[in-house]
Amino acid sequence: MPKRLIRKIRGMLSSKRAISSVLSNVLLASVVLGLGFGVQYYVYWRSIEYNNQYGALVDNSIEKIKEKLVFEHVFYDTDNSNLTVYLMNCGRIDGATISSVSLTNETWERIFYDVQLRSLTGQLIQELDILDEGYFRLSVGLVENASYTILMVTGRGKAFVTSFAA
């Protein structure tokens, strides 16, 4: 190596300005890399969380699609003012529950949130599994020969509607 080049290298290595410049560049690069890895970790973590939320939403929608309750019979007992609604789960998913029942006609509406589901033997049950039958009873005064509509909402949020004459 030529002496001149060696002197320049020694001069740069012994110069405090050169070391300060190198240290500031190394420090700046370290901070940028650290921030980059931090942002990458945050994005990765959020994408996993969003993916799990989306999967749960899709699973819930699929369960809702598979749910199907059929009104088998609607009977109104005028002597006791009881409306009995017989149901069957003919869907492709177990665990159908009743969240609320709305009873309407042209002039009024009444919503029931405390609907008690029973098996055909009269035993109180929480849900209807596939091909299970059950009923619920509502105490309500209805006008004879009037038309009424029942809107039943399940625990998964699916709605089923039927009409009947009291």
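For the sequence shown, my numbering begins at 703 and goes up steadily by one. C-beta atoms are modelled at their ideal positions from N, C-alpha and C, and glycine is treated no differently. These numbers were taken from a predicted model, which means no experiment stands behind them.
Distance between residue j and residue i (C-alpha atoms, nearest Å)
| i | j | result |
| --- | --- | --- |
| residue 751 | residue 745 | 10 Å |
| residue 770 | residue 733 | 58 Å |
| residue 735 | residue 724 | 16 Å |
| residue 833 | residue 753 | 34 Å |
| residue 914 | residue 742 | No answer is possible for residue 914: the residues shown for the chain start at 703 and end at 868. |
| residue 710 | residue 726 | 21 Å |
| residue 823 | residue 760 | 36 Å |
| residue 739 | residue 768 | 43 Å |
| residue 814 | residue 808 | 18 Å |
| residue 772 | residue 749 | 40 Å |
| residue 799 | residue 757 | 22 Å |
Cβ neighbours of residue i in the same chain (closer than 6 Å, five flanking residues each side left out)
| i | result |
| --- | --- |
| residue 844 | 778, 868 |
| residue 797 | 829 |
| residue 851 | 806, 865 |
Residue interval of the beta strand (DSSP E) (run including residue i)
| i | result |
| --- | --- |
| residue 675 | Outside the modelled stretch of the chain, which goes from 703 to 868, sits residue 675, for which no answer is possible. |
| residue 812 | 811–814 |
| residue 791 | 784–791 |
| residue 856 | 849–856 |
| residue 836 | 835–841 |
| residue 863 | 861–867 |
Presumed contact (8 Å Cβ cut-off) between residue i and residue j, rounded CB distance
| i | j | result |
| --- | --- | --- |
| residue 801 | residue 856 | 6 Å |
| residue 774 | residue 835 | 7 Å |
Selected residue, minimal CA-CA separation from residue i, among the options
| i | options | result |
| --- | --- | --- |
| residue 790 | 755, 837, 812 | 837 |
| residue 794 | 762, 831, 842, 711 | 831 |
| residue 810 | 763, 705, 849 | 849 |
| residue 781 | 846, 814, 713 | 846 |
Own chain partners of residue i with C-beta closer than 8 Å, once the 5 adjacent residues on each side are dropped
| i | result |
| --- | --- |
| residue 826 | 818, 819, 820 |
| residue 762 | 858 |
Contacts around residue i, its chain only, beta-carbon distance under 7 Å, and the 5 residues preceding and following it disregarded
| i | result |
| --- | --- |
| residue 841 | 783, 784 |
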